[in-house]
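First the structure, in the form of structure tokens, and then the observations on it.
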Amino acid sequence: VKTLGYPSSFAFHPWDAIAFFDHMEHYIESPTPSDYIFRDELHRMVRAFVRSGGRRPPIPGWEPYPKNIALITRDNVTIIRNYHQDKCSFWKENGFEDYAWVS
Numbered sequence: 001v002k003t004l005g006y007p008s009s010f011a012f013h014p015w016d017a018i019a020f021f022d023h024m025e026h027y028i029e030s031p032t033p034s035d036y037i038f039r040d041e042l043h044r045m046v047r048a049f050v051r052s053g054g055r056r057p058p059i060p061g062w063e064p065y066p067k068n069i070a071l072i073t074r075d076n077v078t079i080i081r082n083y084h085q086d087k088c089s090f091w092k093e094n095g096f097e098d099y100a101w102v103s
């Protein structure tokens, strides 16, 4: 993945938005079929959410945050209750949250 023409060395958080709006070719030279599958899955879930007016989750069992989150990968959607809870607890218990950029 490239940001402003330079390779990204760390986490690239806007990837889902880039894939959703179909701009992957601006960030990776040759999107793979699995990249397009990921994009299509995002489209499917957003359409399902919009069509239901937000009354039904796009996939069964997906509840509003913080009850759980959906981990979306190229070929799977997994419902997770405590995403990286061990890492989050470590940061909180050691006072590192003061140094984190939280928007």
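So for the sequence shown, the working numbering puts the first residue at 1; every next one is plus one. Even glycine gets a Cβ: it sits at the ideal position worked out from N, Cα and C.
Given a threshold of 16 other Cβ atoms within 10 Å of its Cβ, counted over all protein chains shown, does residue i qualify as buried or as exposed?
{"i": "Phe21", "result": "exposed"}
{"i": "Ala19", "result": "buried"}
{"i": "Glu97", "result": "exposed"}
{"i": "Arg44", "result": "exposed"}
{"i": "Phe107", "result": "The requested residue 107 is not part of the displayed model; the chain covers only 1 to 103."}
Taking the alpha carbon of residue i as the point to measure from, which residue in the options has its own alpha carbon closest?
{"i": "Ile28", "options": "His43, Glu41, Leu42, Phe12", "result": "Phe12"}
{"i": "Ile80", "options": "Ile69, Arg74, Lys87, Cys88", "result": "Ile69"}
{"i": "Ile72", "options": "Ala100, Ile59, Asn94", "result": "Ile59"}
Can you give the beta carbon distance from residue i to residue j, rounded, assuming they're within the 8 Å contact cut?
{"i": "Pro31", "j": "Glu25", "result": "6 Å"}
Can you list, in chain order, the residues of its chain whose CB lies under 6 Å from that of residue i, leaving out five sequence neighbours each side?
{"i": "Lys2", "result": "Tyr27"}
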